[in-house]
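Chemist: In this note's numbering, the protein residues as written are 7 to 781.
Before I ask anything, let me first share the structure, which is written out below as structure tokens.
Below, the structure is given as structure tokens:
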């Protein structure tokens, strides 16, 4: 067995190497980002659109939450179309009509086979020509492209102004003529619907025009649409093959090293001292975390109902005859659905951190309970304020304040910039509260790589890495902004939360008396090396098609494949190991329910994040499926299955300790466990996965635009599969209801505090509080 110092050094080298690569890749993305022309002109030099019109359309897209209605570059929601693919296909179609009429005097559909082939080839070849002049920052369109541009401008003005009930767009959806003056450098004097059209035009041009010096577009020829010349690139095929080999190599190597270094110690848990709840004393601040968990289950229940409502909008534009689309349109329902997911999971983690800190530190600092109450008020204010602001902003009631008080319009990072800043301040306050309770233990330890120090480092990382969400605004090039957005969504959630999760779970297993701290610490380092060695650079699979260089295909394919390795290790060893420990602990083990949720995390990490992630991240598959239902299948399995189940498990560990043992509703929590997991399985098996594969086939056969079209989404097959999802939704909601009821019952039966506040100075020398767990 390697000494701890070895693992610390390897982790440091791994993190430094990954960060160095990410810095280089970030520079690569900035250098290769697609240009935003200062002017778009026709062949006579008449200005059709300016750069501020394109940026203005991007701002309009964000202001009205359209990323939670449809997608752009494949990222967003799924009721509406992918606007990039739709515009690109319509643009090509209008150009075919132009050439058919001008050359043959007939509509394209009336041409014979040879004439159609000639027109199709002319359009496809013409679309690939890049007419952007970098010296003058001007993009010049040919006559056919100009004709199609004007046709589509009228199309989108009508679509967003007149409305389209079958698409879920009410009349007057965009009612303001333009964004009021004084709101930022992206302002345009054009009507907002026209600005949207210009933004969609730019995204389509980026997707089809060849990158200078290459035979593929800025988006590596995504989306799939042979009618305009978009087919998979050579790199997509090559790196898909490489990713499979990397996966097999990585799995073999890691499993070998795992056995070689004998990381699966702790073969005799029956010799460990399993703590009894009655022997653990709790502090006032720990008891105050109960209200955090009430907020958790309340938000979780509402989020689950909004998810079911959003899915229902695919088959009916209301609910049971009620005009719910008028009150809560799809884009608002989905905005809240995603935002509440982040809120309740983060609140569970915040509450658990506040609970664990005095346990690890062995003391209750003065005024700790007061600070916990202040933070609680801040959390509630940010959650409620941002949700109200999102509704007002998307409805158009906030004017120029939409970006600050409403929604920023980015999927998963929806809350307005003011609420985002307040959230950072709140997380910083949380870090301070945790540090106050930990510092006595941290000062006593000479080893800065101990489990306690790792817990503190993980806590520091949570507010620090969320700051990447402040690196962009509506005037930022979409490709660059999406790069930083995924730093929050992928690295913050999938990297830093994973860091916090691994350390926290290991500490809980030690606290439960199931493993020794020395063995747990070694296992933590081994897992973190794998997570940071693959997870940071694995962010690359999000950048295949957003306007980044082809180099990201290599990085994303390789490291996204390696991401599956630690997830496989979790299910092949950790979950089974934890289950074996729980069984050997016998009936005296009182943390059975929390550990069951932690075990389910390992399964969902492997299947939801690993298996479904690998299926969607292989470049050649991603080329056709990116933006189909396979993406939310992976998202549900990873976000809810991993981080949601983990949040519930952490919450229940904390509650189990502060609730009177006789009042603990073990059976209710058990029912909730099985219903939540079964409901998630049914959602995936009956709806998300089969619809995703149907769209994958449709995208391959006719193009991505068709897989996301209203005609395809409204087909009998998709409608029937959507109705089947009801079984999963109802099962899941039943689990959420039982969980909420059980948590409420628990919060009404808290144990009395057995620990009083200690003087901070005395706490550092040696806490007066009794140990909270048997060591």
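Every residue, glycine too, gets a C-beta built ideally from N, C-alpha and C.
Check residue 289 in the structure and name its three-state DSSP category.
Modeler: Here the question's residue 289 lines up with position 283 in the chain shown. It is coil, neither helix nor strand.
Chemist: Straight-line CA distance for residue 543 to residue 167?
Modeler: Position 537 of the chain shown, counting from 1, holds the residue named residue 543. Position 161 of the chain shown, counting from 1, holds the residue named residue 167. C-alpha separation (whole angstroms): 42 Å.
Chemist: Using the beta-carbon count (16 or more within 10 Å), is residue 403 buried or exposed?
Modeler: Numbered from 1 along the chain shown, position 397 holds the residue referred to as residue 403. Per the 10 Å Cβ criterion, exposed.
Chemist: Looking only at DSSP bridge pairs, what is residue 416 linked to?
Modeler: Reading the chain shown from its first residue, position 410 is the one you call residue 416. DSSP lists 419 as partners of residue 416.
Chemist: Does residue 129 come out as helix, strand or coil in the three-state DSSP assignment?
Modeler: Position 123 of the chain shown, counted from the first residue, corresponds to residue 129. Helix, per DSSP.
Chemist: Determine, using beta carbons only, whether residue 667 and residue 289 come nearer to each other than 8 Å.
Modeler: Against the chain shown, residue 667 aligns to sequence position 661. Against the chain shown, residue 289 aligns to sequence position 283. No, Cβ-Cβ distance for residue 667 and residue 289 is not below 8 Å.
Chemist: When you measure from the CB of residue 616 to every non-hydrogen atom of the ligand ADP, does any distance come out below 7 Å?
Modeler: As for the ligand ADP, it is missing from this structure, which has no ligand bound.
Chemist: Do residue 710 and residue 130 have their C-beta atoms within less than 8 Å of each other?
Modeler: Against the chain shown, residue 710 aligns to sequence position 704. Against the chain shown, residue 130 aligns to sequence position 124. Contact flag unset, no.
Chemist: If you reduce the DSSP assignment to three classes, tell me which class residue 33 lands in.
Modeler: Counted from its first residue, the chain shown places residue 33 at position 27. Note: residue 33 maps to helix in three-state DSSP.
Chemist: Out of 37, 54, 378 and 491, which has the shortest C-alpha to C-alpha gap to residue 45?
Modeler: As a first step, residue 45 is located in the chain shown; it is residue number 39 there, counting from the start. If we check each option's Cα against that of residue 45, 54 comes out closest.
Chemist: Answer with buried or exposed for residue 141, where buried requires no fewer than 16 other C-beta atoms within 10 angstroms of its C-beta.
Modeler: For the purposes of this step, residue 141 is identified with residue 135 of the chain shown, where counting begins at 1. Exposed, since its Cβ has fewer than 16 Cβ neighbours within 10 Å.
Chemist: Are the CB atoms of residue 202 and residue 67 nearer to each other than 8 Å?
Modeler: The residue given as residue 202 occupies position 196 in the chain shown. The residue given as residue 67 occupies position 61 in the chain shown. In this structure, residue 67 lies closer than 8 Å to residue 202 by Cβ.
Chemist: Using beta-carbon positions only, say whether residue 448 and residue 471 come within less than 8 Å of one another.
Modeler: The residue given as residue 448 occupies position 442 in the chain shown. The residue given as residue 471 occupies position 465 in the chain shown. Result no, Cβ atoms of residue 448 and residue 471 do not sit closer than 8 Å.
Chemist: So what's residue 276 in DSSP terms, helix, strand or just coil?
Modeler: Counted from its first residue, the chain shown places residue 276 at position 270. Bear in mind that the predicted position of residue 276 carries a pLDDT of just 47, short of 50, making it unreliable; the figure below should be weighed with that in mind. In this structure, residue 276 counts as helix in the three-state DSSP scheme.
Chemist: Just how far apart, CA to CA, sit residue 486 and residue 430?
Modeler: Within the chain shown, numbered from 1, the residue matching residue 486 stands at position 480. Within the chain shown, numbered from 1, the residue matching residue 430 stands at position 424. Whole-angstrom Cα-Cα distance: 22 Å.
Chemist: Return the chain-ordered list of same chain residues with a C-beta closer than 6 Å to the C-beta of residue 21, the five sequence neighbours on each side being excluded.
Modeler: On the chain shown, residue 21 is found 15 positions in, with the first residue counted as 1. Answer for residue 21: 538, listed in chain order.
Chemist: If the criterion is Cβ atoms closer than 8 Å, does the pair residue 340 and residue 56 meet it?
Modeler: By one-based count along the chain shown, residue 340 stands at place 334. By one-based count along the chain shown, residue 56 stands at place 50. Cβ distance not < 8 Å, so residue 340 and residue 56 don't count as in contact.
Chemist: Roughly how many whole angstroms lie between the Cα atoms of residue 247 and residue 619?
Modeler: For this step, residue 247 is matched to residue 241 along the chain shown. For this step, residue 619 is matched to residue 613 along the chain shown. Distance between the alpha carbons of residue 247 and residue 619: 16 Å.
Chemist: Leaving out five residues on either side along the sequence, give the residues of the same chain with a beta carbon under 6 Å from the beta carbon of residue 445.
Modeler: In the chain shown, residue 445 corresponds to position 439, counting from 1. Hits under 6 Å: none found.
Chemist: From residue 774 to residue 660, what distance separates their C-alpha atoms?
Modeler: Counting from 1 along the chain shown, the entry for residue 774 is found at position 768. Counting from 1 along the chain shown, the entry for residue 660 is found at position 654. Legend: pLDDT at residue 774 = 38, less than 50; position of this residue unreliable, value from coordinates given subsequently. Distance between the alpha carbons of residue 774 and residue 660: 22 Å.
Chemist: Would you say residue 308 and residue 346 are within 8 Å of each other, going by their C-beta atoms?
Modeler: As a first step, residue 308 is located in the chain shown; it is residue number 302 there, counting from the start. As a first step, residue 346 is located in the chain shown; it is residue number 340 there, counting from the start. Closer than 8 Å, so yes.
Chemist: Here's the rule: buried if 16 or more other CB atoms are within 10 angstroms of the residue's CB, otherwise exposed. What is residue 570?
Modeler: By one-based count along the chain shown, residue 570 stands at place 564. Per the 10 Å Cβ criterion, buried.
Chemist: Less than 7 Å between C-beta atoms, sequence neighbours within five positions excluded: which residues of the same chain meet that for residue 534?
Modeler: Your numbering for residue 534 matches position 528 in the chain shown. Excluding sequence neighbours, residue 534 sits near 17, 505 and 508.
Chemist: By a C-beta neighbour count over all protein chains shown, 10 Å radius and 16 as the cutoff for buried, is residue 11 buried or exposed?
Modeler: Counted from its first residue, the chain shown places residue 11 at position 5. By the 10 Å Cβ count, residue 11 comes out exposed.
Chemist: Just reading off the beta strand (DSSP E) that residue 668 is part of, what are its end residues?
Modeler: Here the question's residue 668 lines up with position 662 in the chain shown. No beta strand (DSSP E) holds residue 668; DSSP gives it neither H nor E.
Chemist: Starting from the N-terminal side, write out each stretch of the beta strand (DSSP E) that is 3 residues or longer and does not extend beyond the stretch 455–487.
Modeler: As far as the stretch 455–487 is concerned, it has no whole beta strand (DSSP E) run of at least 3 residues.
Chemist: Check each candidate in 303, 24, 658 and 354 and name the one with the smallest Cα separation from residue 541.
Modeler: Position 535 of the chain shown, counting from 1, holds the residue named residue 541. Comparing Cα positions, the closest option is 24.
Chemist: On the criterion of 16 or more Cβ atoms from any shown chain inside 10 Å, does residue 669 qualify as buried, or is it exposed?
Modeler: Here residue 669 refers to the residue found at position 663 when the chain shown is read from its first residue. Result: exposed.
Chemist: Can you grab the Cα-Cα spacing for the pair residue 320 / residue 716, in whole Å?
Modeler: The residue labelled residue 320 in the question sits at position 314 within the chain shown. The residue labelled residue 716 in the question sits at position 710 within the chain shown. Roughly 10 Å separates the two Cα atoms.
Chemist: Where DSSP assigns a beta bridge to residue 78, which residues make up the other side?
Modeler: Reading the chain shown from its first residue, position 72 is the one you call residue 78. 81, per the DSSP bridge assignment.
Chemist: For residue 79 and residue 256, what's the separation of their Cα atoms in angstroms?
Modeler: What you label residue 79 is simply residue 73 of the chain shown in a count that begins at 1. What you label residue 256 is simply residue 250 of the chain shown in a count that begins at 1. Approximately 31 Å, taken between the alpha carbons.
Chemist: Pull up the CB-CB distance for residue 393 and residue 342, whole angstroms please, since I reckon it's below 8 Å.
Modeler: For the purposes of this step, residue 393 is taken as residue 387 along the chain shown, with counting starting at 1. For the purposes of this step, residue 342 is taken as residue 336 along the chain shown, with counting starting at 1. Confirmed, Cβ separation roughly 6 Å.
Chemist: Within a Cβ cutoff of 7 Å, which residues of the same chain sit near residue 690, ignoring the five residues on either side of it in sequence?
Modeler: Against the chain shown, residue 690 aligns to sequence position 684. So the qualifying residues of the chain are 639, 642 and 643.
Chemist: If distances are taken between C-alpha atoms only, which option among 348, 196 and 759 comes closest to residue 62?
Modeler: Counting from 1 along the chain shown, the entry for residue 62 is found at position 56. Measuring from the Cα of residue 62, the nearest candidate turns out to be 196.
Chemist: On a Cα-Cα basis, can you pick out the residue from 111, 653 and 675 that is closest to residue 306?
Modeler: By 1-based counting over the chain shown, the position of residue 306 is 300. Residue 306 has its Cα closest to that of 653, out of 111, 653 and 675.
Chemist: Have a look at residue 763 and residue 467 and give me their C-alpha separation to the nearest angstrom.
Modeler: Position 757 of the chain shown, counting from 1, holds the residue named residue 763. Position 461 of the chain shown, counting from 1, holds the residue named residue 467. Their backbone Cα atoms lie some 28 Å apart in a straight line.
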